[in-house]
Amino acid sequence: MIPKKISIKENKNLNIIWDNETLSEINLAKLRKECPCATCLSEKEKNGRKYIPLFNGDQIAVAKIEMVGHYAVGITWKDGHNTGIYEFKHLLKLAN
Ligand SMILES: [Zn+2]
704 MIPKKISIKE
714 NKNLNIIWDN
724 ETLSEINLAK
734 LRKECPCATC
744 LSEKEKNGRK
754 YIPLFNGDQI
764 AVAKIEMVGH
774 YAVGITWKDG
784 HNTGIYEFKH
794 LLKLAN
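No gaps in the numbering here: position 39 of the sequence shown is 742 in my numbering, and each next residue is one more.
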């Protein structure tokens, strides 16, 4: 499946309409928390399983979204963090 339309709803959720017309809604704080980039992964590892990151407004506000190849989207957050590449299947998993 590939996204047909991606939008931000009420500055709170990422809405993805897939090419089969299904909708995935992902909370932005959850999306940021699950950022798959190396920096965030090592941060999580360092802090252990019980670590709960606290985010400020800019960290969970999306500045830009772009397609990466045919398998992922890259998200730029308003705090400048832009190394997270989210594969479509990862997004699908986050949505439930
Ligand atoms: Zn990250």
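Using N, Cα and C, we set each Cβ at its ideal position, and we do this for glycine too.
- For the pair E728 and I719, the CB atoms are nearer than the 9 Å cut-off.
- The beta carbons of A775 and F791 sit closer together than 9 Å.
- Nearest to N723 by alpha-carbon distance, out of M704, L734, K715, K708, is M704.
- Each of I788, T742, K781, K753 was checked against the Cα of G772, and the nearest Cα belongs to I788.
- With a contact defined as Cβ atoms closer than 8 Å, L734 and L797 qualify at about 6 Å.
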